[in-house]
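Residue numbers (our numbering), protein chains in the order written: chain A, 223 to 392; chain B, 2 to 429.
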């Protein structure tokens with residue numbers, strides 16, 4: 223699909239972060255590999271035994287959530303998210319730089335809200351002992367990752383804001 | 002309520018124009034409305050998770066991975082060689098080969114820029130030797146690569162189906178095939194006209210590859226769409242499973258048949274495809290917040306009714322939507338446009354009783370044209386970079402292809418059966 227041009231150019235984009243983005247890359251890649259292995263195993267098992275283990279669906283979907291958040295975190299570090307830069311590019315660099323800081327602060331606030339209320343969601347699942355619809359394991363095992371990974375993304379955004387503020391544009 | 006709706010749309014538009022990541026613009030506007038209108042803040046994390054955790058969406062990352070594995074395995078080059086051997090040496094032949102190969106690879110990959118990049122890298126140098134200007138080749142391959150989101154498998158259709166559950170992925174895949182082929186073939190009109198006018202493609206510089214030998218080398222790649230689409234058609238696999246089988250097939254071919262893949266490549270492909278998918282899926286996730294806020298307020302229906310109020314003429318409304326989508330398609334990618342526009346367009350489509358599968362195909366054709374219409378054209382950016390030319394230099398050629406594919410679009414808009422005949426025949 224139509225990735226943003228920045229993204230196409232920088233599959234391995236500049237990584238200015240102090241904490242290597244290889245961390246998120248590794249977990250996102252492993253989630254992808256696991257999704258494939260589990261789904262393939264499911265196909266083989268169904269083909270040979272006419273049975274399917276339904277729990278693979280629930281677990282694969284969970285892995286996809288993990289993949290998305292690790293990958294999104296890496297994308298914040300490398301600044302390769304899909305955005306419309308057409309109009310901002312036409313502005314004076316100093317103004318564009320200020321706008322970028324504002325935009326990143328909005329992103330920081332958004333993921334802070336997701337992380338904070340994600341913790342509440344986690345506590346609800348813990349207290350009410352919610353079980354997952356597919357295989358009936360405690361739901362908090364899945365919910366746990368939402369605040370955790372949203373916080374990770376927030377660290378990346380904070381890192382980007384710090385770098386933006388250090389490199390003043392005149 | 003009106004204030005909330007305004008905050009939702011205006012907040013989103015302002016953030017988007019300021020260059021906020023699209024997901025952030027959607028999520029922040031939705032969250033702001035949920036907070037100010039007191040819709041219950043717990044719906045923010047709930048919808049972030051629920052917007053993402055959907056089984057059909059799993060097909061998206063896996064199809065991205067499948068396309069990349071085949072690209073790295075070197076399938077494109079072998080298919081180009083085979084097609085070139087069949088077509089032979091004549092005027093416009095290389096242009097024809099480029100279109101056919103793009104369409105064929107579109108049957109493995111569901112992403113326009115990926116398809117265009119793979120073909121551009123293999124074909125542009127050879128086309129230059131045959132006298133085709135680099136700007137022309139870059140324009141043509143950018144245009145032909147866009148058919149990847151119409152010819153199944155297509156990532157755009159997977160996302161459309163997530164948002165419009167009544168339009169199933171197999172039905173959309175089947176519906177996209179004929180319009181996709183039409184869109185690709187429409188490009189051949191300018192290819193042949195320009196090649197004859199300018200005398201391209203008559204230099205005998207390339208040594209001839211025997212058809213049979215090139216077929217043997219390409220056969221592994223030629224089988225891939227058969228496995229993907231055949232597996233889907235037979236009902237043996239879900240779309241996700243078909244994609245996973247394609248991944249393992251591509252892995253096998255690249256590792257053991259062509260021996261062009263190393264373990265390091267495989268890891269790199271996993272990283273890159275995970276990241277590309279994540280960038281798209283985080284938008285889908287955060288759009289869940291936007292959609293929840295908008296539908297709870299009734300903002301989308303109100304907006305749609307306002308648009309219907311402008312004109313009750315069906316054709317005029319469709320034309321207005323198409324023009325709006327073409328403009329949006331120059332700025333944004335297909336998935337993003339679905340997420341932003343579908344909540345408003347669906348009530349309109351329902352009001353006019355449009356077939357939602359056909360409507361999805363039409364929308365996607367608009368997105369495809371947007372992928373290579375300057376100034377913001379992802380495919381063109383990719384192919385221009387590979388050709389080593391500026392985007393400006395492509396404008397005189399690429400507009401030919403924009404017009405050609407617009408004709409295909411108008412044809413499908415006027416004759417819905419072009420899209421709907423195949424899925425109806427297959428019984429979806």
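Even for Gly, the Cβ is constructed at its ideal location relative to N, Cα and C.
Task: Proximal residues of chain B, C-beta to C-beta of residue 342 (chain A) below 7 Å - done: 43
Task: Unbroken alpha helix (DSSP H) run spanning residue 248 (chain B), endpoints - done: 240–253
Task: Three-way DSSP call (helix, strand, coil) for residue 242 (chain A) in this model - done: coil
TODO: Determine which residues of the segment 259–282 of chain A have a Cβ less than 7 Å from any Cβ of chain B, and write them out in chain order.
DONE: 261, 262, 265, 279, 282
Open item on the list: Cβ closer than 8 Å: which chain A residues qualify as neighbours of residue 227 (chain B)?
Closed with: Here the premise fails: no neighbours, minimum Cβ distance about 17 Å.
Task: Beta-carbon proximity of residue 338 (chain B) to residue 330 (chain B), cut-off 8 Å - done: yes
- [ ] On the DSSP bridge assignment, give the partners of residue 360 (chain A) in chain order.
- [x] A:353
Task: Own chain residues within Cβ distance below 7 Å of residue 356 (chain A), not counting five before or after - done: 276, 277, 279, 280
TODO: Return the chain-ordered list of same chain residues with a C-beta closer than 7 Å to the C-beta of residue 380 (chain A), the five sequence neighbours on each side being excluded.
DONE: 330
Open item on the list: To the nearest angstrom, how far is the alpha carbon of residue 32 (chain B) from that of residue 3 (chain B)?
Closed with: 16 Å
Task: Closest Cα partner of residue 346 (chain B) within the set B:372, B:334, B:319, B:327 - done: B:319
Open item on the list: For chain A, check one thing: does any of its Cβ atoms lie closer than 8 Å to the Cβ of residue 410 (chain B)?
Closed with: no
- [ ] Give every residue of the same chain whose Cβ lies closer than 6 Å to the Cβ of residue 253 (chain A), excluding the five residues on either side of it in the sequence, and list them in chain order.
- [x] 285, 288, 289
- [ ] Establish whether the CB of residue 158 (chain B) and some CB of chain A are separated by less than 8 Å.
- [x] no
TODO: Would you identify the three-state DSSP class for residue 290 (chain A), choosing helix, strand or coil?
DONE: helix
TODO: Jot down the residue ranges of each uninterrupted alpha helix (DSSP H) in the segment 295–342 of chain B, minimum 4 residues, whole runs only, in chain order.
DONE: 300–311, 315–332
Open item on the list: Please report the straight-line C-alpha distance between residue 294 (chain A) and residue 336 (chain A), rounded to a whole angstrom.
Closed with: 14 Å
Task: Where residue 425 (chain B) sits in the DSSP three-state scheme - done: helix
Task: Residue range of the alpha helix (DSSP H) that includes residue 398 (chain B) - done: 396–415
Task: Neighbour list for residue 249 (chain B) in chain A, Cβ cutoff strictly below 8 Å - done: 258, 262
TODO: Find out if the Cβ-Cβ distance for the pair residue 245 (chain B), residue 63 (chain B) is shorter than 8 Å.
DONE: yes
Task: Reduced DSSP secondary structure (H/G/I, E/B, other) of residue 94 (chain B) - done: helix
Open item on the list: Taking only three categories from DSSP, how would you classify residue 339 (chain A)?
Closed with: helix
Task: Residues within the segment 262–285 of chain B neighbouring chain A, beta-carbon criterion of under 7 Å - done: 268, 271, 272, 273, 274, 275, 276, 277, 278, 279, 280, 281, 282, 283, 284
Open item on the list: Along the segment 32–65 of chain B, where does the CB come closer than 8 Å to a CB of chain A? Name the residues.
Closed with: 32, 42, 43, 45, 46, 47, 49, 50, 53, 54, 55, 56, 58, 59, 62, 63
Open item on the list: Suppose the cutoff is 6 Å on Cβ atoms and the five residues either side in sequence are ignored; what does the same chain contact list for residue 122 (chain B) look like?
Closed with: 387
- [ ] Could you check which residue in B:199, B:401, B:389 has the C-alpha nearest to that of residue 370 (chain B)?
- [x] B:401
Task: First through last residue of the alpha helix (DSSP H) which encompasses residue 72 (chain B) - done: 60–74
Open item on the list: Is residue 303 (chain A) close to chain B? Criterion is C-beta to C-beta, closer than 8 Å.
Closed with: yes
Open item on the list: So, at 8 Å on beta carbons, what are the nonlocal neighbours of residue 421 (chain B) in its own chain, with the 5 sequence-adjacent residues on each side left out?
Closed with: 176, 356, 358, 359
TODO: Answer yes or no: does any C-beta atom of chain B fall closer than 8 Å to that of residue 351 (chain A)?
DONE: no
Open item on the list: Can you tell me where the alpha helix (DSSP H) holding residue 376 (chain A) begins and where it ends?
Closed with: 367–388
Task: Anticipated Cβ contact below 8 Å, residue 53 (chain B) with residue 285 (chain B), distance rounded - done: 6 Å
Open item on the list: Which residues in chain B have a C-beta closer than 8 Å to the C-beta of residue 329 (chain A)? List them in chain order.
Closed with: 21, 22, 25, 29
- [ ] Take the Cβ of residue 227 (chain A) as the centre, count every other Cβ of all protein chains shown within 10 Å, and call the residue buried at 16 or more, exposed below.
- [x] Summary for residue 227 (chain A): the model assigns pLDDT 38, below 50, so the residue's position carries little reliability, and this model does not support an answer.
Open item on the list: Rounding to the nearest angstrom, what Cα-Cα distance links residue 408 (chain B) and residue 236 (chain B) in this structure?
Closed with: 34 Å
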